[in-house]
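Visitor:
Numbering (my numbering), first residue to last: 40 to 312.
1. Could you have a look at residue 59 and say whether DSSP puts it in helix, strand or coil?
2. Are residue 279 and residue 294 close, meaning C-beta to C-beta below 7 Å?
3. Considering only residues of the same chain and omitting the five flanking positions on each side of residue 288, which have a CB-CB separation below 6 Å?
4. Tell me which residues share the same chain as residue 133 and place their Cβ nearer than 8 Å to its Cβ, disregarding the 5 neighbours each side in the sequence.
5. Is DSSP giving residue 113 helix, strand or coil here?
6. Grab the span of the beta strand (DSSP E) containing residue 144 for me, first residue to last.
7. Over what stretch of residues does the beta strand (DSSP E) that includes residue 159 continue unbroken?
8. Taking a contact to mean a Cβ-Cβ separation below 7 Å, would you say residue 113 touches residue 65 in this structure?
9. Throw me the rounded Cβ distance for the residue 185 and residue 245 pair, which I believe falls under 8 Å.
10. Measure from the alpha carbon of residue 147 to the alpha carbon of each residue in 53, 97 and 94, then state which is nearest.
11. For residue 70, report the span of its beta strand (DSSP E) as first-last.
12. Just the Cα atoms here: how many angstroms apart are residue 238 and residue 175?
13. Taking the alpha helix (DSSP H) that residue 239 belongs to, which residues open and close that run?
14. Would you mind giving the Cβ-Cβ distance between residue 172 and residue 211, rounded to the nearest angstrom? I have them listed as a contact below 8 Å.
15. If I'm right that residue 213 touches residue 183 with Cβ under 8 Å, what's the distance once you round it to whole angstroms?
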């Protein structure tokens, strides 16, 4: 059975950009797309704060969905949800069991972090399914050639839902780099983080030598983004533990900060604590 990617759309430019990315990623992976329309309420949409969102009729939604999937060169089906974002996506995940949920992110750099609804972390909490966030400003090649995996020194036990990502990396065969960000007073050795990633099985099946890259930085999120730039990553993978996206206020967690300020596609992998 072919893998599927669940792609969320609210017909904004960011969602359209993410759909194109998803189609280009699905082709070499021989995956199908499920394109789910979500009302423009909390998809990191700046218009949600201005009251300028235009609500669409069912007919307009159906026409807009067909307009977007018709040019795609991969198999795609469409759905529309009337529930809230988290409930609708959770239902779609239960029905389709996708390898990835893919979400577009508009430019939020001029919006205070405290005002941005961190939809990505809410969806990760609701579905426990790997989530790929594609910023509208990203010009990264797809499929990715260089993937950087950010990890701390703790053991990694991936959720069963991450199995599709392991298969995807094996299919794409990108160059993989494990990066570890240490605070200035700590050792910057990458060995423990590297061993944790390898033991998780995430790099299983790669034909290239997995590299290690360490960096010291006072702010972990900024250090991760700097490491991604230094390793010339086309895709950044974050090991997202429950403590990083549960009970966090004002988007201050490392995961939130990387998602909010990253300019390249970011794949969040849910892991056990």
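Glycine residues also receive a C-beta, built at the ideal position from the N, C-alpha and C atoms.
Guide: According to the structure data:
1. One-based indexing of the chain shown puts residue 59 at position 20. Helix.
2. In the chain shown, residue 279 corresponds to position 240, counting from 1. In the chain shown, residue 294 corresponds to position 255, counting from 1. At the C-beta level, residue 279 and residue 294 come within 7 Å of one another.
3. Residue mapping note: residue 288 aligns to position 249 of the chain shown, counting from 1. With a pLDDT of 41 at residue 288, under the threshold of 50, the modelled position of this residue cannot be trusted; read the value that follows with caution. The beta carbon of residue 288 sits closer than 6 Å to none of the beta carbons in its chain outside the five residues before and after it.
4. Position 94 of the chain shown, counted from the first residue, corresponds to residue 133. Contacts found: none.
5. Mapped onto the chain shown, residue 113 falls at position 74. Residue 113: coil per DSSP, three-state reduction.
6. Here residue 144 corresponds to residue number 105 of the chain shown, with the count starting at 1. That run of the beta strand (DSSP E) goes 139 to 144.
7. Here residue 159 refers to the residue found at position 120 of the chain shown. It is not in any beta strand (DSSP E) - residue 159 instead sits in the alpha helix (DSSP H) that spans 158 to 166.
8. By one-based count along the chain shown, residue 113 stands at place 74. By one-based count along the chain shown, residue 65 stands at place 26. A contact, by the Cβ cut-off of 7 Å.
9. Locating residue 185 in the chain shown gives position 146, where the first residue counts as 1. Locating residue 245 in the chain shown gives position 206, where the first residue counts as 1. With 8 Å as the limit, residue 185 and residue 245 do not qualify as a contact, their Cβ atoms being about 12 Å apart.
10. Residue mapping note: residue 147 aligns to position 108 of the chain shown, counting from 1. Checked all of 53, 97 and 94; the closest Cα to residue 147 is 53.
11. Residue 70 sits at position 31 when you count from the first residue of the chain shown. Where residue 70 is concerned, there is no enclosing beta strand (DSSP E), given that its DSSP letter is neither H nor E.
12. Residue 238 sits at position 199 when you count from the first residue of the chain shown. Residue 175 sits at position 136 when you count from the first residue of the chain shown. Answer to the nearest angstrom: the Cα atoms are 34 Å apart.
13. On the chain shown, position 200 is the one that residue 239 refers to. It spans 230 to 239 - the alpha helix (DSSP H) in which residue 239 sits, taken as one unbroken run.
14. For the purposes of this step, residue 172 is taken as residue 133 along the chain shown, with counting starting at 1. For the purposes of this step, residue 211 is taken as residue 172 along the chain shown, with counting starting at 1. That belief does not hold up - the Cβ atoms of residue 172 and residue 211 are roughly 18 Å apart, past 8 Å.
15. The residue given as residue 213 occupies position 174 in the chain shown. The residue given as residue 183 occupies position 144 in the chain shown. Going by Cβ atoms, the distance from residue 213 to residue 183 rounds to 5 Å, so yes, they are a contact pair.
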